[in-house]
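Numbers in our numbering are just positions in the sequence shown, counted from 1, shifted up by 113. Just so you know, even glycine gets a beta-carbon here, dropped at the ideal spot from N, CA and C. What you are looking at is a predicted structure, and each value in this text was computed from that prediction instead of being measured.
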Amino acid sequence: MTKVLIAGFKHETNTFCSLPADMNAYRARALYQEGEVRGNFLNTRTEIAAFLDFAKTEGWGIRHPIHANATPSGPVKKDVFDFVCDRILDCICDNEPFDAVLLCLHGAMVCEHTEDGEGELLGVIRGRLGPDVIVAATLDLHANVTDRMAELADILIPYRTYPHIDQYEVGLEVAGLVKRALNGEIKPVVTVRRGSMLDGVDHGRTTMPGPMTEMLKRAADLLSSPDILNVGICAGFPWADIHDAGPSVIVVSDGVKAAHGALAELLVQDIWYKRQISTIQTMSVDDAMLQVKAFVYSNKPIILADFSDNPGGGGYGDDIRLLRGMVEANLQNAAFAAIYDPVSANLCVENGLGAIVHLSLGGNTDPERDESFEVRGTVKAVTDGLFRLEGPMMSGLRVNIGTTVVVSIGGIDVLVTSSRSQVYDQMYFKHARIDPLLKSVIAVKSAHHFRAAFQPIAKEIILVDGGGVTSRNYCEREYKRVRRPIFPLDIF
Ligand SMILES: [Zn+2]
């Protein structure tokens, strides 16, 4: 019987964020072992679910020792890295031999002891299993893919959508190539190339025509060649000050040929030519409020996205500038998700439903910006923060955002949560009995993923840059480790 090991270890590391990805951060989002992995992922639109489904169809024997994922933040602590590696190594030791390892990775993980987290992980696994066992992984479209990752893996395939709504399909693709490799039909090899760019391909956006959709079309056309098994386009993650940050092209080929490297370089050149084309247009809080007020409210909400404090990119999730702007603009029939502030959430729980509370809201976690919002509000709802996603992204997945309250501040229902979380599903509101469709204005802490669930109900979408840690102001940051010269820091 074919035997495969399935594991997940994800993190998108923003090296400008001071919050570490420690054990508590992993426990807060996902730290599942053994049977918990299957229990949490079956019937979800995720890579792990795809691996499990594929293995079942093929009759593969499987072990799934661990899946670990934390909300993006600063670097992953070494004890977390060692814990995950130990679970995988113990599983290999107890159940070998394995024919293949299927990994669900992000590709932009920086650890406190290495800036190439996935390369290090693959090194540990490859070091234990040797060169003959197939090692394959899914990657996020925002992976910063290193040469070491390409060298150590047989198959690397990134998502093709942003918002990432194809995680399940990419999982199936990886498993499909593993099957062909195990059958001896192919000998997959990974080649990666990157250019002198920190940012590019429109940050990977696929919801509108632009550089990313054009590159994906080119990549798809190349699959007509029988020795090209997959061509992945990664936008990279620019908020990581590491040597290899930035867009890359991954070719998975059947066997090594110099032509595959040349092909990847050709595609990188295309990304370079289009590096300045961007569909991302943000505005200040003040301008956003003027724009909201200029709209005539209809039966669809205006969506405000707090682009520069996106916990999904390492934002602290407690920046209060957009919320304060909305309160000062006296917006009515609005909802905001969410401000990360466990102290305020607990205070509201202690005071109880209907209580009038005075809060120093948010602004506690960014050491460079100690700015809370002094507010008076009414506790409108209290939840345990547990629900299942229902939108196109990771549909069916159970999430836990911790004790959550809804505080009514002026005309705005504000979710205050006990853990940091990007808002990319309507259930963040609905689980707290807020119907987004009935609101005039909805604000979310998210850069782009929110579009998966909210674009279909939006009258208008406005991206707001309040100057948080996920602002696109790269030139104002001090990059020390990224290769130079690089666009847009040195080259334009
Ligand atoms: Zn991503």
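Residues near residue i by beta carbon distance below 8 angstroms, same chain, minus five either side
i	result
lysine 300	Ala294, Asp367 and Gly368
lysine 190	Pro133, Ala134, Asp135, Met136, Cys224 and Glu225
glycine 476	Asp431, Asp432, Ile433, Arg482, Asp483, Glu484, Ser485 and Phe486
asparagine 459	Thr516 and Ser531
arginine 501	Gly509, Leu510, Arg511, Val512 and Met540
Integer-rounded CB distance, given that residue j should sit under 8 angstroms from residue i
i	j	result
phenylalanine 563	alanine 418	6 angstroms
aspartate 526	lysine 493	6 angstroms
threonine 251	arginine 318	Actually they do not touch by this definition, with Cβ atoms about 20 angstroms apart.
tyrosine 281	alanine 162	6 angstroms
serine 421	aspartate 578	4 angstroms
leucine 311	phenylalanine 600	6 angstroms
serine 131	proline 480	5 angstroms
valine 117	aspartate 212	6 angstroms
glycine 581	glycine 428	5 angstroms
isoleucine 341	valine 364	7 angstroms
threonine 126	alanine 221	6 angstroms
isoleucine 247	valine 291	5 angstroms
isoleucine 238	valine 214	6 angstroms
alanine 333	leucine 254	Going by Cβ atoms, the distance from alanine 333 to leucine 254 rounds to 15 angstroms, so no, they are not a contact pair.
alanine 451	valine 554	Contact doesn't hold; Cβ gap of about 15 angstroms is too wide.
aspartate 357	arginine 307	6 angstroms
DSSP-derived helix/strand/coil call for residue i
i	result
asparagine 208	helix
glutamine 539	coil
alanine 143	strand
glutamate 264	helix
threonine 170	helix
isoleucine 547	coil
proline 271	strand
glycine 523	coil
valine 595	coil
alanine 556	strand
leucine 285	helix
phenylalanine 600	strand
alanine 256	coil
alanine 566	helix
arginine 176	strand
valine 582	coil
glutamate 573	strand
leucine 614	No answer is possible for residue 614: the residues shown for the chain start at 114 and end at 605.
tyrosine 127	Going by the sequence as given, residue 127 is asparagine instead of tyrosine. Note: asparagine 127 maps to coil in three-state DSSP.
isoleucine 299	coil
leucine 132	coil
isoleucine 161	helix
glycine 148	helix
alanine 138	helix
Close Cβ partners of residue i (< 7 angstroms) along its chain, the five nearest in sequence each way excluded
i	result
serine 559	Ala418, Asn423, Gly425, Gln535, Val536 and Tyr537
serine 521	Gly490, Thr491 and Lys493
leucine 155	Ala162 and Leu165
threonine 496	Thr517, His544 and Ala545
valine 197	Phe122, Ile179 and Ala181
histidine 561	Tyr275, Pro276 and Arg318
proline 598	Ser309 and Ile604
Chain-order list of residues whose beta-carbon lies under 6 angstroms from that of residue i (same chain, five-residue window excluded)
i	result
proline 210	none
glutamine 100	Nothing can be reported for residue 100, as the shown portion of the chain is limited to 114 through 605.
glycine 523	Val440
valine 488	Leu472, Leu474 and Ile522
proline 324	Val314, Asp315, Lys387 and Ile390
glutamine 445	Gly524
glycine 345	Ile270, Pro271 and Ile363
threonine 320	Arg564
leucine 343	Checking the displayed sequence, the identity of residue 343 turns out to be asparagine instead of leucine. Taken in chain order, the residues that qualify are Ile270 and Val365.
Residue-level contact to chain C via CB, residue i, 9 angstroms cutoff
i	result
phenylalanine 164	Absent here is chain C; the protein component of the structure consists of one chain.
(message) To test your reading of the DSSP string, which unbroken alpha helix (DSSP H) runs of 4 or more residues are found completely within the region 188-252?
(response) 191-208 and 230-242
(request) Any chance you could list the alpha helix (DSSP H) runs of at least 4 consecutive residues sitting entirely within the region 393-476, in chain order? (result) 398-407, 434-441 and 455-464
(request) Just list the alpha helix (DSSP H) runs in the region 311-393, keeping only unbroken ones of 4 residues or longer that don't cross its boundaries, in chain order. (result) 324-334 and 371-386
(message) For the pair the region 323-341 and the region 374-385, tell me if three or more CB-CB distances fall below 8 angstroms.
(response) yes
(message) Would you call the region 225-244 in contact with the region 170-185, where contact means no fewer than 3 C-beta pairs closer than 8 angstroms?
(response) no
(request) Please confirm if the region 503-512 is in contact with the region 394-414, defined as three or more CB-CB distances below 8 angstroms between the two stretches. (result) no
(message) Whether or not the region 198-207 and the region 167-174 are in contact is what I'm after, with contact meaning three or more pairs of Cβ atoms, one per stretch, closer than 8 angstroms; do they touch?
(response) no
(request) Within the region 473-510, note down every full beta strand (DSSP E) run reaching 3 residues or more, in order along the chain. (result) 486-496 and 499-501
(message) Please output, in chain order, the residues near ligand 3 using a CB cut-off of less than 6 angstroms to any non-hydrogen atom of the ligand.
(response) As for ligand 3, it is missing from this structure, which binds only ligand 1.
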